[in-house]
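The structure appears right after this line, and notes come after that.
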Amino acid sequence: MSAEQKEQVPNPNVNDNDNLNSESKQEERQSSTRTPFTNLSQVDADLALARTLQEQDAEEREVAARLLALAGINDRGTVTLEDHGHGGNSQDTWEEVDPDELSYEELLALAEVVGTESRGLSADSIASLPSLIYKAGNSQTGTNDSCVICRVDYEDGDSLTALSCKHSYHPECINNWLKINKVCPVCSAEVST
1 MSAEQKEQVP NPNVNDNDNL NSESKQEERQ SSTRTPFTNL SQVDADLALA
51 RTLQEQDAEE REVAARLLAL AGINDRGTVT LEDHGHGGNS QDTWEEVDPD
101 ELSYEELLAL AEVVGTESRG LSADSIASLP SLIYKAGNSQ TGTNDSCVIC
151 RVDYEDGDSL TALSCKHSYH PECINNWLKI NKVCPVCSAE VST
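Numbering (UniProt numbering), first residue to last: 1 to 193.
See the structure below:
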């Protein structure tokens, strides 16, 4: 037999099913962009992990760039003039952003950049609220004989803070409440000082 004939003779030790299986496995690897790490050899797994990490880094850079753009900070870390009313409208920037399209992480980062708005009363306003002393059986506290915030009954001689709606509370309870809300916890009337 010549060398050419030997090459054409199929090897009886090699199974055609093995060849088909190896070919189909290669096609599967090439056809899907995301292959579970457990189905790959170690080198392929390392390569897939490296690509995944690179994709995550790229996504994080994109998120950071978007947040900086929202905050009006350019690449050098300086605030742009547009966001301070010197030639641009910062409202236009906000109109381009759809909060529904932001991820949870982007929303958290945006909250850090933008900050929070206090919806409660100032410490001075809270301190200026009138106080009274509770007397059992007296209707001076309205219909409340207990603090609706902590659910503890008032005792004779307790110092209470009264709101303009005539509802009264323990000072510690209502002070904490009014720091975050400026309405009465019972009737939702806005607290005026």
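The beta carbon of each residue, even a glycine, is placed where N, CA and C say it ideally should be.
The alpha carbon of LEU132 has as its nearest neighbour, out of HIS170, VAL191, SER125, the alpha carbon of HIS170. Restricting attention to SER192, LEU53, SER122, the CA atom closest to the CA of HIS167 is found in SER192. Contact between CYS187 and CYS173 is absent: CB atoms are separated by about 16 angstroms, not below the 8 angstroms threshold. Under the DSSP assignment, ALA111 falls in the alpha helix (DSSP H) whose first and last residues are 104-114. In this structure, VAL113 sits away from LEU163, with a CB-CB distance that is not shorter than 8 angstroms. For SER146, same chain residues with a beta-carbon under 7 angstroms away, outside a window of 5 residues either side, are VAL152, ASP153, TYR154 in chain order. A Cβ-Cβ separation of about 29 angstroms leaves GLU106 out of contact with LEU47 under the 8 angstroms criterion. Non-local C-beta neighbours of GLY120 in its own chain, meaning closer than 7 angstroms and more than five positions away in sequence, comprise LEU178, LYS179, ILE180, ASN181, LYS182, ordered along the chain. Straight-line measurement puts the Cα of ALA136 at about 9 angstroms from the Cα of GLY157. Uninterrupted beta strand (DSSP E) stretches at least 3 residues long and entirely within the UniProt domain "RING-type" (147-188) occur at 159-162, given in chain order. In terms of Cβ geometry, THR161 and LEU110 do not form a close pair [threshold 8 angstroms]. Within the same chain, Cβ atoms closer than 7 angstroms to the Cβ of SER159 are found at SER131, ILE133, PRO171, the five residues on either side in sequence being excluded. For the pair CYS165 and PRO185, the Cα-to-Cα distance works out to about 11 angstroms.
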